[in-house]
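**Student:** In the working numbering, the protein residues as written are 2 to 301.
Each residue gets a CB set at the ideal place from its N, CA and C atoms; glycine is no exception.
For clarity, every value in this text was computed on a predicted model and none was experimentally measured.
Quick one: the structure is below, questions incoming.
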Amino acid sequence: MYLMDEEILNHYLKFSTFTNPGCYKKFLQNLPDNVKELGDLISHQIIHRVTLKDGNKNFNEDLRYGDMNKFPWYRLRCDDDILPNAISMIAELLRLDSRGFKEDRKVEDKIVVTCRYVAILIASILKSKGIPCRVRSGFVPYFSETSGDHWINQYWDKKRKIWVTIDADGFFDFLNFDQYDISEERFDWAAEVWLGLRNNKLNPEKFVIAGGENGLKAAIRAMMHDFHCLMNNEILYLQQPMYIFNKFEKLTEKDFKEIDELAKLMLKPDKNFKELIKIWNTKKKFRILNGPLIGDDDHF
Numbered sequence: 002m003y004l005m006d007e008e009i010l011n012h013y014l015k016f017s018t019f020t021n022p023g024c025y026k027k028f029l030q031n032l033p034d035n036v037k038e039l040g041d042l043i044s045h046q047i048i049h050r051v052t053l054k055d056g057n058k059n060f061n062e063d064l065r066y067g068d069m070n071k072f073p074w075y076r077l078r079c080d081d082d083i084l085p086n087a088i089s090m091i092a093e094l095l096r097l098d099s100r101g102f103k104e105d106r107k108v109e110d111k112i113v114v115t116c117r118y119v120a121i122l123i124a125s126i127l128k129s130k131g132i133p134c135r136v137r138s139g140f141v142p143y144f145s146e147t148s149g150d151h152w153i154n155q156y157w158d159k160k161r162k163i164w165v166t167i168d169a170d171g172f173f174d175f176l177n178f179d180q181y182d183i184s185e186e187r188f189d190w191a192a193e194v195w196l197g198l199r200n201n202k203l204n205p206e207k208f209v210i211a212g213g214e215n216g217l218k219a220a221i222r223a224m225m226h227d228f229h230c231l232m233n234n235e236i237l238y239l240q241q242p243m244y245i246f247n248k249f250e251k252l253t254e255k256d257f258k259e260i261d262e263l264a265k266l267m268l269k270p271d272k273n274f275k276e277l278i279k280i281w282n283t284k285k286k287f288r289i290l291n292g293p294l295i296g297d298d299d300h301f
């Protein structure tokens, strides 16, 4: 087993713009220490946009997320656009219900967010408690026949001396494994998917993102999301490096090989931590981002 470097653990104790709890750090410290209890509590505070859209059927047939008919008609159907970071989610939850994070929170007092946002909130809480935690972006094969884009967490278990992979995006008791201790082979990691597709070892139609793109187009987005997550910069879904953003068809084999090398390092992010940090600090093309409100013309 690889002996974890204190530098790495300290890195994942740091807050980012997205995980920073601000004035709510003490509040988060008082939430449950048990990760499963914490994850279940968070699942009582949120509704996934798909759950809201489906109403009281499919994953919510037993109303485990509440009666969707009671969700206010005037509320946004997804709060991702207005609650991009932990501090905004916490503030909004407390505005809606000043009692705090409660299991009996009413449907009308929940926020509607997707997996990235849940992962950021979990990371903020665990970091506040002094537990190294990181957000990961990849693909999830355990919800459907395809493997859709998904964001999860890994936290450092100091007793077991391992990273524990968890998925706190809902109540997943229907799975045949523990969502709060997921073995690595059950998740499709971005780097593995990228390299598998590049080597023609994986079916490109299996790996799909919410916008409908699949194959390498989907994998390159997850790759860059995951690289930024490993560097404590949990960027938004629609943010990508400028040279990639809406330019996939213009990428060359040289560009792909450069990403291949990054992916190989990301297969073992702790072992290759120093090399990844070096790339982060020197390879500007991976860090200069475009997004819905930032285009090529905004860069020098």
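Just the C-alpha distance for M2 and I183, rounded to the nearest angstrom, thanks.
**Tutor:** Residue mapping note: residue 2 aligns to position 1 of the sequence shown, counting from 1. Residue mapping note: residue 183 aligns to position 182 of the sequence shown, counting from 1. With a pLDDT of 44 at M2, under the threshold of 50, the modelled position of this residue cannot be trusted; read the value that follows with caution. Distance between the alpha carbons of M2 and I183 is about 18 angstroms.
**Student:** Using the three-state DSSP reduction, which class does M2 fall into: helix, strand or coil?
**Tutor:** As a first step, residue 2 must be located in the sequence shown, where it is residue number 1. Because the pLDDT at M2 is just 44, under 50, the model does not fix this residue reliably, and the value given afterwards should be weighed accordingly. DSSP places M2 in coil when its eight states are reduced to three.
**Student:** Per the contact definition of three or more C-beta pairs closer than 8 angstroms, is the region 101–115 in contact with the region 36–49?
**Tutor:** They touch, by the three-pair rule.
**Student:** Is the region 222–235 touching the region 169–185 in the sense that three or more CB pairs, one from each, lie closer than 8 angstroms?
**Tutor:** no
**Student:** To the nearest angstrom, how far is the alpha carbon of I91 from that of T253?
**Tutor:** For the purposes of this step, residue 91 is taken as residue 90 along the sequence shown, with counting starting at 1. For the purposes of this step, residue 253 is taken as residue 252 along the sequence shown, with counting starting at 1. One C-alpha to the other measures close to 43 angstroms.
**Student:** Please determine whether the Cβ atom of L263 lies at a distance below 8 angstroms from any heavy atom of the ligand SAH.
**Tutor:** In terms of ligand content, the structure shown is empty, and the ligand SAH therefore cannot be addressed.
**Student:** Expressed to the nearest angstrom, what Euclidean distance is found between the alpha-carbon atoms of D189 and N31?
**Tutor:** The sequence position of residue 189 within the sequence shown is 188, counting from 1. The sequence position of residue 31 within the sequence shown is 30, counting from 1. D189 and N31 have their C-alpha atoms spaced approximately 33 angstroms apart.
**Student:** Tell me whether Y181 is buried or exposed, calling it buried when 16 or more other Cβ atoms sit within 10 Å of its Cβ.
**Tutor:** Position 180 of the sequence shown holds residue 181. Result: buried.
**Student:** Whose CA, out of Q155, K128, E7 and R187, lies closest to the CA of K26?
**Tutor:** By one-based count along the sequence shown, residue 26 stands at place 25. Here the closest residue by C-alpha is K128.
**Student:** Would you say D110 lies against chain C (beta-carbon separation less than 9 angstroms)?
**Tutor:** Among the chains of the structure shown, chain C does not appear; only one protein chain is present.
**Student:** Hey, is the region 10–25 in contact with the region 130–140, meaning 3+ C-beta pairs nearer than 8 angstroms?
**Tutor:** yes
**Student:** Do you know whose CA, among I83, V114 and L94, lies nearest R106's CA?
**Tutor:** Position 105 of the sequence shown holds residue 106. The residue with the shortest Cα to Cα distance from R106 is L94.
**Student:** Assuming the contact rule is C-beta atoms closer than 8 angstroms, F72 and E109 should be a hit. Round their C-beta distance to whole Å, please.
**Tutor:** Taking the sequence shown and counting its residues from 1, one reaches residue 72 at position 71. Taking the sequence shown and counting its residues from 1, one reaches residue 109 at position 108. Rounded, the Cβ-Cβ distance is 6 angstroms, consistent with contact.
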